[in-house]
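Quick note: the sequence shown uses numbering that gives the first Met the number 0, first residue 0, plus one each step. Cβ atoms here follow ideal geometry from the backbone N, Cα and C, with glycine treated the same way. Since the structure is predicted, the reported quantities are computational estimates derived from the model, not experimental observations. Comments concern the structure below.
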Amino acid sequence: MSIDLLQLKYFQVVAKHQHLTRAATELNITQPALSKMIAKLEKVLGYQLFDRRERQIQLNSLGEAYLRTVENVFLELKMGEAELAYLADHQNKVLSISVTIPSLLPDLLGDFLVRYPGTRFRQHQASFEKMVQQLEAGEIDLGISTKPVAKENIEWIPILEEEILLTVPLSHPLANRKAVYLKEVEKDPFVVMPTGYDFRTMTEHFCHLAGFSPDFAFEGDETGITQELVERGLGVAFYPTVLINDRVRKMKTAKLKIIEPRCTRTVGLIRAKNRKQTNITMKFSQFVIEYLKNRQKDQDE
Numbered sequence: 000m001s002i003d004l005l006q007l008k009y010f011q012v013v014a015k016h017q018h019l020t021r022a023a024t025e026l027n028i029t030q031p032a033l034s035k036m037i038a039k040l041e042k043v044l045g046y047q048l049f050d051r052r053e054r055q056i057q058l059n060s061l062g063e064a065y066l067r068t069v070e071n072v073f074l075e076l077k078m079g080e081a082e083l084a085y086l087a088d089h090q091n092k093v094l095s096i097s098v099t100i101p102s103l104l105p106d107l108l109g110d111f112l113v114r115y116p117g118t119r120f121r122q123h124q125a126s127f128e129k130m131v132q133q134l135e136a137g138e139i140d141l142g143i144s145t146k147p148v149a150k151e152n153i154e155w156i157p158i159l160e161e162e163i164l165l166t167v168p169l170s171h172p173l174a175n176r177k178a179v180y181l182k183e184v185e186k187d188p189f190v191v192m193p194t195g196y197d198f199r200t201m202t203e204h205f206c207h208l209a210g211f212s213p214d215f216a217f218e219g220d221e222t223g224i225t226q227e228l229v230e231r232g233l234g235v236a237f238y239p240t241v242l243i244n245d246r247v248r249k250m251k252t253a254k255l256k257i258i259e260p261r262c263t264r265t266v267g268l269i270r271a272k273n274r275k276q277t278n279i280t281m282k283f284s285q286f287v288i289e290y291l292k293n294r295q296k297d298q299d300e
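Quick look at the structure:
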């Protein structure tokens, strides 16, 4: 026979009152039922916990020792419940996200923290393939991706389609044009991000659509660096029209529309379909959708 928490609770209340009737009243059970429960506990333990004299019941030395153990059990349980409540609350304020567009994070996270202070972020910059692996392994809650996902266990929520321009130095022969065919810069050196970055893959893809392989002359590991290199006259580069910060937007380069091929990218959220979303995850998802749509609206205006 085993001892359950209900038996221990009954014993604790009887020990407190040392009176069966008063203990039964507090526990909202009958006095005979309580007497049987205490007798059953003593039988399982193999020791008498109370001395009984007629209608009197008094905790004995063994009962006093056992009461300390029982009170420690309930104290540990209470502490455990408090820790679980803390962890659940803490977990609901921590977001782990992965992005293929690092320049997006400072403004996005800053604006979100204004609305939801106390949120903590674990941030990852990853290729599209790595992001999908992180999501499937449960390492991240959400991903902001520039590629759609076609997997049964992953949900893809497209948010905006961003036009991609071409930037050239102000000294470039095409700098005074408003629009160009991408083929016109076939001989120019391209400033790109390193291998593994989605923007690098996108650059290769657009150039191949135009019928040439780009000459990668310089690499920069974020959009700001690549545009600085263009500003210094070291090459040409692609330029996102929406997901770009003000510092890069103000750089002295010529920003040209691309007539052909059509150069755009879709930005969206990816998340696991079979994983329950916490409140903070759902709030962040909605915030990202609103934020990106507002950025696109501002750009269109």
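Residue span of the beta strand (DSSP E) that contains residue i, given as start and end
i: residue 248; result: Premise fails: residue 248 lies in the alpha helix (DSSP H), 245-248, not in any beta strand (DSSP E).
i: residue 97; result: 93-98
i: residue 239; result: 236-239
i: residue 106; result: Note, residue 106: premise wrong, no beta strand (DSSP E); alpha helix (DSSP H) at 104-114.
i: residue 311; result: Outside the displayed span of the chain (0 to 300) sits residue 311, for which this structure offers no information.
i: residue 259; result: 252-259
i: residue 181; result: Residue 181 -> no beta strand (DSSP E), and no H or E assigned at all.
i: residue 58; result: 55-58
According to DSSP, residues forming a beta bridge with residue i
i: residue 270; result: 154
i: residue 128; result: Answer is none; residue 128 lacks a bridge partner.
i: residue 284; result: Bridge partners of residue 284: none, in fact.
i: residue 303; result: Outside the shown range of the chain (0 to 300) lies residue 303, about which nothing can therefore be said.
Cβ separation of residue i and residue j, assumed to be a contact under 8 Å, to the nearest whole Å
i: residue 179; j: residue 255; result: 5 Å
i: residue 247; j: residue 184; result: Contact flag wrong, Cβ pair sits at about 20 Å.
i: residue 273; j: residue 152; result: 6 Å
i: residue 127; j: residue 283; result: Incorrect: roughly 20 Å between the Cβ atoms, too far for contact.
i: residue 229; j: residue 280; result: Going by Cβ atoms, the distance from residue 229 to residue 280 rounds to 37 Å, so no, they are not a contact pair.
i: residue 189; j: residue 215; result: 6 Å
i: residue 69; j: residue 7; result: 5 Å
Spatial neighbours of residue i in its chain, beta-carbon cut-off 6 Å, leaving aside the 5 residues before and after
i: residue 73; result: none
i: residue 199; result: 191, 192
i: residue 100; result: 242
i: residue 270; result: 141, 154
i: residue 206; result: 213
Same chain, Cβ closer than 8 Å to residue i, neighbours up to 5 away in sequence not counted
i: residue 16; result: 22, 25
i: residue 12; result: 22, 25, 26
i: residue 211; result: 182, 185
Proximity of residue i and residue j at Cβ, strictly below 8 Å
i: residue 201; j: residue 264; result: yes
i: residue 97; j: residue 125; result: yes
i: residue 290; j: residue 134; result: no
i: residue 244; j: residue 102; result: yes
i: residue 2; j: residue 48; result: no
i: residue 164; j: residue 251; result: no
i: residue 159; j: residue 259; result: no
i: residue 240; j: residue 162; result: yes
Own chain residues within Cβ distance below 7 Å of residue i, not counting five before or after
i: residue 176; result: 255
i: residue 19; result: 13, 30, 33, 34, 56
i: residue 62; result: 14, 48, 49
i: residue 53; result: none
Limits of the unbroken alpha helix (DSSP H) element including residue i
i: residue 215; result: No alpha helix (DSSP H) contains residue 215, which is instead part of the beta strand (DSSP E) from 214-218.
i: residue 4; result: 4-16
i: residue 276; result: It is not in any alpha helix (DSSP H) - residue 276 carries neither H nor E in the DSSP assignment.
i: residue 43; result: 30-44
i: residue 242; result: Where residue 242 is concerned, there is no enclosing alpha helix (DSSP H), given that its DSSP letter is neither H nor E.
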